[in-house]
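Numbering (our numbering), first residue to last: 3 to 153.
We put the CB at the ideal spot given by N, CA and C, even for glycine.
A short write-up of the structure that comes next.
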Amino acid sequence: MEKSFSSLAELQAEIDLLKVRNFQQEEALKESLSSPSAIFSSVKGFFMSGNSKKSLTSDLLNQDILTNVARFVIPLFMNGIVFKKSGFITKTLITFLSQKVAKQVNSNAVSGILDKVKGIFANRKSSGVSNFGVKTRRHVDYGIPPDSESY
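If you want it as structure tokens, here you go:
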């Protein structure tokens with residue numbers, strides 16, 4: 003997306019082009035929200051699936067159950083316990099951000115984290131270190147000694 007400009011005139015032309023695009027997008031947005039029926043069709047289009055865009059309902063149904071649960075549990079936990087006495091704007095921002103985080107949570111991410119934690123404890127157990135950081139003595143069986151009677 004980065005463009006290199008060799009002169010000031012090219013930069014000014016690009017700025018003017020971006021201003022025109024911005025104005026066109028503002029006009030299109032004003033036109034799409036000019037009447038109640040236009041607003042209703044915009045909201046309806048958000049829930050209905052089109053040819054090229056994903057809708058909210060298909061987005062929710064295509065996620066795994068852990069992601070859908072996290073979309074409700076994380077905001078409730080954050081607003082109910084962590085930010086209990088905060089204001090409306092703070093709670094709204096926390097809800098928005100936690101919804102974005104919940105989209106990143108899926109069963110693969112959670113199982114990966116659990117495998118890492120399990121690996122840490124398995125490495126600690128196999129290295130002979132106790133929970134208090136003290137080396138423990140392990141009994142190592144080398145098999146039947148060569149000088150024994152059964153050899």
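Original post:
DSSP state of F90, grouped into three classes?
Top reply: helix
Subject >> Buried/exposed call for V107, threshold 16 Cβ in 10 Å >> reply: buried
Subject >> Which listed residue (S100, V71, A72 and R73) has its alpha carbon closest to that of F85 >> reply: S100
**OP:** State the Cα-Cα distance for the pair N125 and D117, rounded to the nearest angstrom.
**Re:** 12 angstroms
Subject >> 6 angstroms CB neighbourhood of K105 in its chain, flanking five on each side removed >> reply: none
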